[in-house]
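Chemist:
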Amino acid sequence: MKKIISSLIFIVALLAFLVPRSMATNCPSSDYDCQIAEIQREIDALSPAHETNKQEYSGLQKQLAGLKSRIANISNELVSLGKSIVSREKDLAYTREIFEQKAYDYYKYIRTYDSLLPFLSSETATEAFIEVNVRQRATDMDRQTMEKYAQELLGLKQDKDSLETSQKALAIAQNNIDSRSKFLEGEIKKVESYIATLSTKQEELLALKAGGFQTSIGDTPATLEPCSGPPGSSNFCDPGFRPAFAAFSFGAPHRTGMSQYGALGRAKSGQSAETILSAYYQGADLTKGYSVPDSIGVSGYGRINFEENYLLGIYEVPESWGDQGGLEALKAQAVAARSYALAVTNNGSGTICPTESCQVYKPQLKSGKWAEAVRATRGWVLTKGGQPASAYYASTSGGFTISQWGWTGIKDASGSWPDTAYEKISGSPWFYKGWYKSRGGVSCGRSNPWLTSSDIADILNAWHVLYQGGGDTGRVSPVGECWGGNPYSAAELASIGGYSSVSGVSVVYSNGGTTQSVSFSTNKGTVPVSGEEFKKAFNLRAPGYIGLKSELFNIEKL
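Heads up: the sequence shown is residues 852 to 1409, going by the numbering used here.
(1) Given a threshold of 16 other Cβ atoms within 10 Å of its Cβ, counted over all protein chains shown, does residue 1284 qualify as buried or as exposed?
(2) According to DSSP, which residues form a beta bridge with residue 1405?
(3) Report the rounded CA-to-CA distance for residue 1243 versus residue 1404, giving the unit in angstroms.
(4) Does residue 1286 have its Cβ less than 8 Å from a Cβ in chain D?
(5) Which value, in whole angstroms, describes the spacing of the CA atoms of residue 1158 and residue 1241?
(6) Using the rule of at least 16 other Cβ atoms within 10 Å of the residue's Cβ for burial, across every protein chain shown, is residue 1002 buried or exposed?
(7) With the cut-off set at 8 Å, would you say residue 1110 and residue 1271 are in Cβ contact?
(8) For residue 1136, write down the residues that DSSP places opposite it in a beta bridge.
(9) Using a Cβ-Cβ cut-off of 6 Å (strictly less than) and excluding sequence neighbours within five positions of residue 1353, which residues of its own chain qualify?
(10) Checking the sheet assignment: what are the DSSP bridge partners for residue 840?
(11) Can at least three beta-carbon pairs, one atom from the region 1231-1240 and one from the region 1125-1142, be found at a separation below 8 Å?
(12) Note the first and the last residue of the continuous alpha helix (DSSP H) segment covering residue 1111.
(13) Grab the span of the alpha helix (DSSP H) containing residue 1389 for me, first residue to last.
(14) So residue 1277 packs on residue 1387, CB below 8 Å; how close in whole Å?
(15) For residue 1368 versus residue 1382, is the C-beta spacing smaller than 8 Å?
(16) Is residue 1358 closer than 8 Å to residue 1366 when the C-beta atoms are compared?
(17) Could you please give me the residues that DSSP links to residue 1373 through a beta bridge?
(18) To the nearest angstrom, how far is it from the Cα of residue 1231 to the Cα of residue 1217?
(19) I want to know whether the region 1205-1212 touches the region 1160-1174 - three or more CB-CB distances under 8 Å.
(20) By the three-class DSSP mapping on this structure, what secondary structure does residue 1184 have?
(21) Is it true that the CB of residue 1338 sits closer than 8 Å to the CB of residue 1393?
(22) At the level of alpha carbons, what is the spacing between residue 1162 and residue 1191?
(23) Should residue 1016 go down as buried or exposed, given a rule of 16 or more other Cβ atoms within 10 Å for buried?
(24) Here's the rule: buried if 16 or more other CB atoms are within 10 angstroms of the residue's CB, otherwise exposed. What is residue 1429?
(25) Closest by CA to residue 1409, which one among 1096, 1077, 924?
(26) In whole angstroms, give me the CA-to-CA distance for residue 1115 and residue 1215.
(27) Do residue 1396 and residue 1289 count as a contact pair if the criterion is CB distance below 8 Å?
(28) Starting from the Cα of residue 1227, find the closest Cα among 1204, 1267, 1194, 1178 and give me that residue.
(29) Nearest by alpha-carbon distance to residue 1321: which of 1302, 1347, 1300 is it?
(30) Can you list, in chain order, the residues of its chain whose CB lies under 8 Å from that of residue 1108, leaving out five sequence neighbours each side?
(31) Can you tell me which of 1219, 1117, 1184 puts its alpha carbon nearest to the alpha carbon of residue 1176?
(32) Taking the alpha carbon of residue 1389 as the point to measure from, which residue in 1318, 1349, 1343, 1377 has its own alpha carbon closest?
(33) How would you call residue 1332, buried or exposed, if buried means at least 16 neighbouring beta carbons within 10 angstroms?
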């Protein structure tokens, strides 16, 4: 019993030291810069401490498991004690009958016994003394039996009281242990979730650098951005230092389905709309005479006529293409837009958004070449299994579309890539571009995408932390006021990765339209990096908004 009580005291005492922890954030949801800065600060604060916390929690879990095991043992002991008490109660009930009979006999005996009777009834004094002695022993035994019963009865009461007290204490301890265990588990999950949220914010930075421009062309043709071109192009700007390195993306996400500039290049090369559609949407049927709905739901506009309103208000490609040898591209675009809208809305019964998240629709309806393309393809729908297909499209794929979302990727060129890529024929400004500005035109003080030898070495050091270990991945972000936070300084990263200079670079492409690997000549020798890993490291560490938009890219050196 003492063992049980001491164990319970130990459990309750331990619970007193289990104190919860909490976290807080201070930035308003609308202050993005503040959030970026605080994200980095919290990563810095949480990352080293969280590892310690996880180790402490692991030990605590073992302690809690031990406590639960001890509680289970105590509970088993109490159950055994309870059974013992029940058994003793039964035994004492029988003993009580004997005790009551003996008490009655003893009472009767002392009331009626005459001490002279043995001497009067015995023939000799010896016999009299023997009888007196026997009677005395019997009396002593009866008295001892009654005293023992009284002690057992008292012990039984004490044990029953202790059992009830212990059971109550055990229930409280068990409840506290379970509650604290659940609480601590919840707190750890909160921290893990919060760390994941911070990692998600870092992914948003990657997405911002990898994306940052509209996926389709829109109504106005894009122009060449100053200083974003490679050497020899009209929009090349010499950075004024050597060696100089710049990352150039072929196309941009999502690179799935039809390339709009590729379709224009194909149209200028003499391909029909049917041929263009069959190239990009392999596995789909071009159903002519499909029964389209009269109307479609458009968010913010209600239900409108499908052919004579919605499709005439699609602003996804420049209408001027129709006068530049690209009418067949407009027709292919009209079929893709019609098919996509029907797929998204379940043949017009649902609603589609009017932005580039779906398809850009404006109530200012077109009446020129676009209207001609829409009416020339009336009833033309791409189908799979008899149902409208989700005909994805984007501005520029870099000469390769990729296999995803139900579509098969293709090499989008008439011959060798990149020289005969259809997007190059059509003059896409995004076919091969060095990106250094945000979608809103912010450049963080950068006037071109060119980087120094030490800049590339810094990115390699970031790659080392991300994929080789030795540092805090949460601190891999651009240095400068544009992003805030507490990123590694160049010196800190160099002390981890050891790269200080880069003198050369070479790129290997895969047959599937991605950069397979990039090799750098560095102060530590030749360093091969997979294209996927370099793209992530580059977009997390490159200064300002310099970024890679595509998995298919090249690194140029001056």
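By construction, the Cβ of each residue, glycine as well, lies at the ideal position given by its N, Cα and C atoms.
Since this is a predicted model, take the numbers as computed values, not measurements.
Modeler: Result, derived from the coordinates:
(1) Buried: at least 16 other Cβ atoms inside 10 Å.
(2) Answer is 1099.
(3) C-alpha separation (whole angstroms): 22 Å.
(4) No chain D appears in this structure, which consists of one protein chain only.
(5) Take the alpha-carbon of residue 1158 and the one of residue 1241: they are about 18 Å apart.
(6) In this structure residue 1002 is exposed. Its beta-carbon is surrounded by fewer than 16 other beta-carbon atoms within 10 angstroms.
(7) Between residue 1110 and residue 1271, the gap from beta carbon to beta carbon reaches 8 Å or more.
(8) In DSSP, residue 1136 forms a bridge with 1234.
(9) For residue 1353, the CB contacts under 6 Å within the same chain, skipping 5 residues up- and downstream, are 1304, 1307, 1308, 1371, 1373 in chain order.
(10) Residue 840 falls outside the range modelled here, since the chain spans only 852 to 1409, and no answer is possible.
(11) In short, these stretches touch, since the Cβ pair count reaches three.
(12) Following the DSSP letters along the chain, one finds residue 1111 inside the alpha helix (DSSP H) bounded by residues 1111-1119.
(13) DSSP places residue 1389 in the uninterrupted alpha helix (DSSP H) bounded by 1382-1392.
(14) Not confirmed; about 31 Å, so no contact.
(15) Taking the C-beta atoms as reference points, residue 1382 is found nearer than 8 Å to residue 1368.
(16) For the 8 Å CB-CB criterion, residue 1366 and residue 1358 form a contact.
(17) Per DSSP, 1353, 1376.
(18) Pairing residue 1231 with residue 1217, the inter-Cα distance amounts to about 19 Å.
(19) Three or more beta-carbon pairs drawn from the region 1205-1212 and the region 1160-1174 are found closer than 8 Å, and the two stretches are therefore classed as touching.
(20) If DSSP states are grouped into helix, strand and coil, residue 1184 belongs with the helices.
(21) Contact: no.
(22) The alpha-carbon separation between residue 1162 and residue 1191 amounts to approximately 11 Å.
(23) The residue in question, residue 1016, is exposed, as its Cβ has fewer than 16 Cβ neighbours within 10 Å.
(24) Residue 1429 falls outside the range modelled here, since the chain spans only 852 to 1409, and no answer is possible.
(25) Nearest of 1096, 1077, 924 to residue 1409, Cα basis: 1096.
(26) Taken atom to atom, the span from the alpha-carbon of residue 1115 to that of residue 1215 is near 24 Å.
(27) Cβ distance < 8 Å, so residue 1289 and residue 1396 count as in contact.
(28) Of the candidates 1204, 1267, 1194, 1178, the one whose C-alpha sits nearest the C-alpha of residue 1227 is 1178.
(29) That would be 1347, whose Cα lies nearest to the Cα of residue 1321.
(30) Correct list, in chain order: 1131, 1132, 1187, 1242, 1243, 1244, 1245, 1252, 1256, 1258.
(31) Comparing Cα positions, the closest option is 1117.
(32) Comparing Cα positions, the closest option is 1318.
(33) With fewer than 16 other Cβ atoms within 10 Å, it is exposed.
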